[in-house]
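K.L.:
Protein chains in written order, with the working numbering: chain E, 2 to 379; chain P, 76 to 336. To start, I am sharing the structure in question, which I have written as structure tokens.
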Amino acid sequence: MLWIAIRMLTGDKQKFYGLLFGIAFSTLLITQQLTIFVNLIERGASGVYNSPEAEVWVMDTVSRTTDVKYEMPPTALDEVRSVRGVEWAVPHLRGSAAVRTRTGDLEFVEIIGVDDATLIGLPEVMIEGSKDVLSQPDTVIIDDVGITNMFADGEDPLGQRLELNDQRAVIRGIADSIPSFTSQVVLYTKYSQALNYVPGTRNRLSFVLAGVSEGETAAAVADRIEAQTGLKAETRDELARAGVDFIIENTGIPLNFGITVALGFVVGVAIVGLTFSLFIRDNIKQFGALKAIGVTNGKLVRMVGTQAALVGSIGYAFGIVGTVLFIWGFSGNPTFKGFYIPWQIPFISAVSVVVILAMTGYAGLRSVLRTEPASVFR
Amino acid sequence: MTDAKPMTGHQAATAKGVMDTRAIGGCDPTAAICARGIIRDFQAGQSTIRVLHGIDADIRSGEMTYVVGESGSGKTTLISIMCGILWPTEGEVRVFGTDIYALSDTELVNFRLENIGFIFQQYNLIPSIDAAANAAVPLIAKGMAVDRARRRAMELLDALNIGDQAEKLPRQLSGGQQQRVAIARALVHEPRLVVCDEPTAALDARSGRRVMDLLREVAVAQDRACIIVTHDNRIFDLADRILVLEDGGVTHDGTEMPEDH
Numbered sequence: 002m003l004w005i006a007i008r009m010l011t012g013d014k015q016k017f018y019g020l021l022f023g024i025a026f027s028t029l030l031i032t033q034q035l036t037i038f039v040n041l042i043e044r045g046a047s048g049v050y051n052s053p054e055a056e057v058w059v060m061d062t063v064s065r066t067t068d069v070k071y072e073m074p075p076t077a078l079d080e081v082r083s084v085r086g087v088e089w090a091v092p093h094l095r096g097s098a099a100v101r102t103r104t105g106d107l108e109f110v111e112i113i114g115v116d117d118a119t120l121i122g123l124p125e126v127m128i129e130g131s132k133d134v135l136s137q138p139d140t141v142i143i144d145d146v147g148i149t150n151m152f153a154d155g156e157d158p159l160g161q162r163l164e165l166n167d168q169r170a171v172i173r174g175i176a177d178s179i180p181s182f183t184s185q186v187v188l189y190t191k192y193s194q195a196l197n198y199v200p201g202t203r204n205r206l207s208f209v210l211a212g213v214s215e216g217e218t219a220a221a222v223a224d225r226i227e228a229q230t231g232l233k234a235e236t237r238d239e240l241a242r243a244g245v246d247f248i249i250e251n252t253g254i255p256l257n258f259g260i261t262v263a264l265g266f267v268v269g270v271a272i273v274g275l276t277f278s279l280f281i282r283d284n285i286k287q288f289g290a291l292k293a294i295g296v297t298n299g300k301l302v303r304m305v306g307t308q309a310a311l312v313g314s315i316g317y318a319f320g321i322v323g324t325v326l327f328i329w330g331f332s333g334n335p336t337f338k339g340f341y342i343p344w345q346i347p348f349i350s351a352v353s354v355v356v357i358l359a360m361t362g363y364a365g366l367r368s369v370l371r372t373e374p375a376s377v378f379r
Numbered sequence: 076m077t078d079a080k081p082m083t084g085h086q087a088a089t090a091k092g093v094m095d096t097r098a099i100g101g102c103d104p105t106a107a108i109c110a111r112g113i114i115r116d117f118q119a120g121q122s123t124i125r126v127l128h129g130i131d132a133d134i135r136s137g138e139m140t141y142v143v144g145e146s147g148s149g150k151t152t153l154i155s156i157m158c159g160i161l162w163p164t165e166g167e168v169r170v171f172g173t174d175i176y177a178l179s180d181t182e183l184v185n186f187r188l189e190n191i192g193f194i195f196q197q198y199n200l201i202p203s204i205d206a207a208a209n210a211a212v213p214l215i216a217k218g219m220a221v222d223r224a225r226r227r228a229m230e231l232l233d234a235l236n237i238g239d240q241a242e243k244l245p246r247q248l249s250g251g252q253q254q255r256v257a258i259a260r261a262l263v264h265e266p267r268l269v270v271c272d273e274p275t276a277a278l279d280a281r282s283g284r285r286v287m288d289l290l291r292e293v294a295v296a297q298d299r300a301c302i303i304v305t306h307d308n309r310i311f312d313l314a315d316r317i318l319v320l321e322d323g324g325v326t327h328d329g330t331e332m333p334e335d336h
């Protein structure tokens, strides 16, 4: 009977495609929007992920994320270095500046000053040039978002001179970094150089990045730093989480994406529910005839279940493929750089599809089960 | 205190002086269907409408029995009860000796699948599967593999002279061809009882007689019975037995139509 169920469904091409479209569209909307949402809010942690060597981030007690921070006095670095379990500790400066390009454009950039000696704080991978170029005077390394935002297509940024707070800066490398939440251009330079680029205040040290000794855990060392220095110390994961939470708590993004995801669900229910109920209504006489002939309710439930499973799985596959194509198609765009689909999102979409089909299938099934076989004689 | 039990259809028919050819009381041993005291009520808002008033009726094997009557006389309700798709409010129906309303729901559904073939007025073929698959539906419902069931159905479609139409969808067939597919579907699993609802309603006189001849040929045998609900007086002469229903009671049960009809 399942063969008949499938033929009944696929034979009515208009409704079959309508159902597929409903499920695929719903899956696409839910999966794509959740993917963008998750990847966007994860960018709240990009500052942490772009400095992979740091196991513990030490900051002023009022600092919250890599972008929402309050500068510390330079003595904080020595305090951290004196804590047991700290293998190394380096200064890290994060500030912003206005940059004037050669073409006269104005761009607000983030300046990241990394340790002069070890270059800890730079992204792990360079697209062009090497990290060592920072040893040359007035050098900055730009991130790949900056190339797109500040230079025309085909223009080579290497060797280009910029004006940063009346200071000369020369781009000598391109870093492969995760864009920030705002996709702001990032310029990496040595800590000592960054002090010149960022307008002066008495305290300039944004963070102290620390590594932990062998046999120690980052959490234990962070606790010890806090206890000993009175500063705030967080592990890499804790600060990353704080960056994500900050965006969730302080922007309307979760609500906006939530509304879109809910709309995806509602559209799915509406299209699939309407089409499925039309399909059932058009075939109600045939279902009644099958009941009269001797098809049990159990078999009818399996038939409708098979029909729902078929449109669900094909429509879901189309929706997921559509999302993958979307992400793949835009992967060259810095806005979508590094976007990936966490396995939880297709799982959530699958659950949504199951719920949509269960709701609409149940409504259709009820009318099938309530159809009296005797109605075929009327 | 007086006996308030209403007269059965049979008693009503006898009281009207209609010739009765059937034994009263227990079931006729040759009866394919034995219905006793069938009452059926329907709810219409607050009121209850009694459609069948205690009908007694036998359908014999080896015969083609017509159930005739005006619209609203209760013939569709009676036939639905006789073939196990509508529960009577009261009464007992034995089909080939089985008290069908004593069966569980699942047993009754399986009983229908094993023993009864249906030909509906609107045919109710599944529009998206071809004629052979439509004819094979009862076999597929019994669990036979689709290919094998289709082959069996093809043999029957050949016998009904529409073998060459087997791979066409219902919408590609004429009304007469669709009806033959419906007949094939009713017979493919070799049921002992075939129930037809207005099989000639949409056909001209010649086609109607041809269909009835066909049904007699394939559906009537010594151990089989065929019930036909009709009000088509062009084919009354082809019946072995005619049950006439009026206002929810059997007013005639004989081999020919009464003269006043």
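All C-beta atoms, glycine included, are put in the ideal place defined by N, C-alpha and C. Predicted, not measured: the structure shown is a model, and the values here were computed from it.
Which residues does DSSP pair with K233(E) in a beta bridge?
P.N.:
The count along the first sequence starts at 1 and reaches residue 233(E) at position 232. Bridge partners of K233(E): M60(E).
K.L.:
Measuring only between beta-carbons, confirm whether T275(P) sits less than 8 Å from chain E.
P.N.:
The residue given as residue 275(P) occupies position 200 in the second sequence. For T275(P), the answer is no, since every Cβ of chain E falls outside 8 Å of its Cβ.
K.L.:
With a threshold of 8 Å between beta carbons, is P202(P) in contact with chain E?
P.N.:
As a working mapping, residue 202(P) is identified with position 127 in the second sequence. Yes, because at least one Cβ of chain E sits closer than 8 Å to the Cβ of P202(P).
K.L.:
List the residues that DSSP assigns as beta-bridge partners of D133(P).
P.N.:
To locate residue 133(P), count along the second sequence from 1; it is residue 58. Paired residue(s): C109(P).
K.L.:
Return helix, strand or coil for E108(E), following the three-state DSSP convention.
P.N.:
In the first sequence, residue 108(E) corresponds to position 107, counting from 1. E108(E) falls in the strand class under three-state DSSP.
K.L.:
Say whether the stretch 154-171 of chain P touches the stretch 107-124 of chain P, bearing in mind that this needs 3 or more beta-carbon pairs closer than 8 Å, one atom from each stretch.
P.N.:
yes
K.L.:
What does a CB cutoff of less than 8 Å around Q168(E) pick up in its chain, not counting 5 residues either side in sequence?
P.N.:
Position 167 of the first sequence holds residue 168(E). Closer than 8 Å at Cβ, skipping near neighbours: D139, N197 and Y198.
K.L.:
Apply the 10 Å Cβ neighbour rule to M76(P) and answer buried if 16 or more other Cβ atoms are within range, or exposed otherwise.
P.N.:
Stepping through the second sequence from its first residue, residue 76(P) is reached at position 1. With a pLDDT of 35 at M76(P), under the threshold of 50, the modelled position of this residue cannot be trusted; read the value that follows with caution. Exposed.
K.L.:
State the CB to CB distance for the pair W58(E) and F208(E), rounded to an integer number of angstroms; the pair is presumed to be in contact (CB under 8 Å).
P.N.:
Taking the first sequence and counting its residues from 1, the one referred to as residue 58(E) is at position 57. Taking the first sequence and counting its residues from 1, the one referred to as residue 208(E) is at position 207. The pair is a contact, with the Cβ atoms about 5 Å apart (cut-off 8 Å).
K.L.:
Beta-carbon of F22(E) versus every beta-carbon of chain P: anything under 8 Å?
P.N.:
In the first sequence, counting from the first residue as 1, residue 22(E) sits at position 21. No - not a single Cβ of chain P is within 8 Å of the one on F22(E).
K.L.:
Where do the N-terminal and C-terminal ends of the beta strand (DSSP E) with D144(E) fall, by residue?
P.N.:
Stepping through the first sequence from its first residue, residue 144(E) is reached at position 143. First-last of the beta strand (DSSP E) with D144(E): T140 to D144.
K.L.:
Residues of the stretch 276-293 of chain P with a CB closer than 9 Å to any CB of chain E: list them in chain order, please.
P.N.:
none
K.L.:
Beta-carbon of V151(P) versus every beta-carbon of chain E: anything under 8 Å?
P.N.:
As a first step, residue 151(P) must be located in the second sequence, where it is residue number 76. It is Thr, not Val, that sits at residue 151(P) in the sequence shown. By this cut-off, T151(P) is an interface position.
K.L.:
So, using beta-carbon positions, are P335(E) and S184(E) closer together than 8 Å?
P.N.:
As a first step, residue 335(E) is located in the first sequence; it is residue number 334 there, counting from the start. As a first step, residue 184(E) is located in the first sequence; it is residue number 183 there, counting from the start. For P335(E) and S184(E), yes; Cβs fall inside 8 Å.
K.L.:
Quick check: A207(P) and L214(P), are their CB atoms within less than 8 Å of each other?
P.N.:
The residue labelled residue 207(P) in the question sits at position 132 within the second sequence. The residue labelled residue 214(P) in the question sits at position 139 within the second sequence. Their beta carbons are not under 8 Å apart, which means A207(P) does not touch L214(P) by this criterion.
K.L.:
Should A386(E) go down as buried or exposed, given a rule of 16 or more other Cβ atoms within 10 Å for buried?
P.N.:
There is simply no residue 386(E) to check, as chain E begins at 2 and stops at 379 in what is shown.
K.L.:
Do N209(P) and V256(P) come within 8 Å of each other at the CB atom, strictly closer than that value?
P.N.:
For the purposes of this step, residue 256(P) is taken as residue 181 along the second sequence, with counting starting at 1. For the purposes of this step, residue 209(P) is taken as residue 134 along the second sequence, with counting starting at 1. Going by C-beta atoms, V256(P) is nearer than 8 Å to N209(P).
K.L.:
Determine which residues share a DSSP beta bridge with W89(E) and list them.
P.N.:
Your numbering for residue 89(E) matches position 88 in the first sequence. G212(E).
K.L.:
Going straight from the alpha carbon of N251(E) to that of M304(E), what length do you get?
P.N.:
Position 250 of the first sequence, counted from the start, is the residue given in the question as residue 251(E). Position 303 of the first sequence, counted from the start, is the residue given in the question as residue 304(E). One C-alpha to the other measures close to 49 Å.
K.L.:
Our contact map puts V296(E) next to A216(P) with C-beta atoms below 8 Å; I'd like the distance itself, whole angstroms only.
P.N.:
Counting from 1 along the first sequence, the entry for residue 296(E) is found at position 295. Counting from 1 along the second sequence, the entry for residue 216(P) is found at position 141. The pair is a contact, with the Cβ atoms about 5 Å apart (cut-off 8 Å).
K.L.:
Answer with yes or no whether the minimum CB distance from A6(E) to chain P is below 8 Å.
P.N.:
Along the first sequence, read from residue 1 onward, the residue named residue 6(E) stands at position 5. With 8 Å as the cut-off, A6(E) does not count as an interface residue toward chain P.
K.L.:
Taking a Cβ distance cut-off of 7 Å, strictly less, list which residues of the stretch 275-288 of chain E are near chain P, in chain order.
P.N.:
K286 and Q287
K.L.:
How would you list, in chain order, the residues of chain E whose beta-carbon sits under 7 Å from the beta-carbon of S155(P)?
P.N.:
The sequence position of residue 155(P) within the second sequence is 80, counting from 1. Within chain E, the residues near S155(P) are A375 and F378.
K.L.:
Against Q197(P), what residues of chain E qualify as contacts under a CB-to-CB distance less than 8 Å, listed in chain order?
P.N.:
In the second sequence, residue 197(P) corresponds to position 122, counting from 1. Simply K286 and V377.
K.L.:
My assumption, with CB atoms under 8 Å, is that D103(P) sits in contact with R135(P). Please give the rounded CB distance.
P.N.:
In the second sequence, the residue the question calls residue 103(P) occupies position 28. In the second sequence, the residue the question calls residue 135(P) occupies position 60. Distance from D103(P) to R135(P) at the Cβ level is roughly 7 Å; contact confirmed, criterion being Cβ atoms closer than 8 Å.
K.L.:
Is the CB-CB distance between R291(P) and M139(P) below 8 Å?
P.N.:
Taking the second sequence and counting its residues from 1, one reaches residue 291(P) at position 216. Taking the second sequence and counting its residues from 1, one reaches residue 139(P) at position 64. The answer is yes: Cβ separation under 8 Å.
K.L.:
Output the boundary residues of the alpha helix (DSSP H) element that contains T326(P).
P.N.:
The sequence position of residue 326(P) within the second sequence is 251, counting from 1. No alpha helix (DSSP H) holds T326(P); the beta strand (DSSP E) holding it covers G324 to G329.
K.L.:
Just the C-alpha distance for S376(E) and I5(E), rounded to the nearest angstrom, thanks.
P.N.:
In the first sequence, residue 376(E) corresponds to position 375, counting from 1. In the first sequence, residue 5(E) corresponds to position 4, counting from 1. Each residue's alpha carbon lies about 21 Å from the other.
K.L.:
Who are the near neighbours of T276(E) in its chain, counting only those whose CB is closer than 8 Å to its CB and skipping five residues on each side?
P.N.:
Along the first sequence, read from residue 1 onward, the residue named residue 276(E) stands at position 275. Answer for T276(E): K16, G19, L20 and G23, listed in chain order.
K.L.:
Distance, Cα to Cα, K150(P) vs I303(P)?
P.N.:
Within the second sequence, numbered from 1, the residue matching residue 150(P) stands at position 75. Within the second sequence, numbered from 1, the residue matching residue 303(P) stands at position 228. C-alpha separation (whole angstroms): 10 Å.
K.L.:
Taking only three categories from DSSP, how would you classify M332(P)?
P.N.:
In the second sequence, the residue the question calls residue 332(P) occupies position 257. Reduced to three states, the DSSP call for M332(P) is coil.
K.L.:
Would you grab the beta carbon distance between R316(P) and T330(P) for me? Rounded to a whole angstrom, and I think it's under 8 Å.
P.N.:
Locating residue 316(P) in the second sequence gives position 241, counting from the first residue. Locating residue 330(P) in the second sequence gives position 255, counting from the first residue. So it is a contact: roughly 6 Å between Cβ atoms.
K.L.:
Got a sec: is the Cβ-Cβ distance from I321(E) to anything in chain P below 8 Å?
P.N.:
Taking the first sequence and counting its residues from 1, the one referred to as residue 321(E) is at position 320. With 8 Å as the cut-off, I321(E) does not count as an interface residue toward chain P.
K.L.:
Does any CB atom of chain P fall closer than 8 Å to the CB of G306(E)?
P.N.:
Walking along the first sequence from the start, residue 306(E) turns up at place 305. G306(E) does not count as touching chain P.
K.L.:
Identify the continuous beta strand (DSSP E) that holds Y50(E) and give its terminal residues.
P.N.:
The sequence position of residue 50(E) within the first sequence is 49, counting from 1. Run containing Y50(E): none in the beta strand (DSSP E); it sits in the alpha helix (DSSP H), S47 to Y50.
K.L.:
Tell me whether A263(E) is buried or exposed, calling it buried when 16 or more other Cβ atoms sit within 10 Å of its Cβ.
P.N.:
On the first sequence, position 262 is the one that residue 263(E) refers to. Exposed: under 16 other Cβ atoms inside 10 Å.
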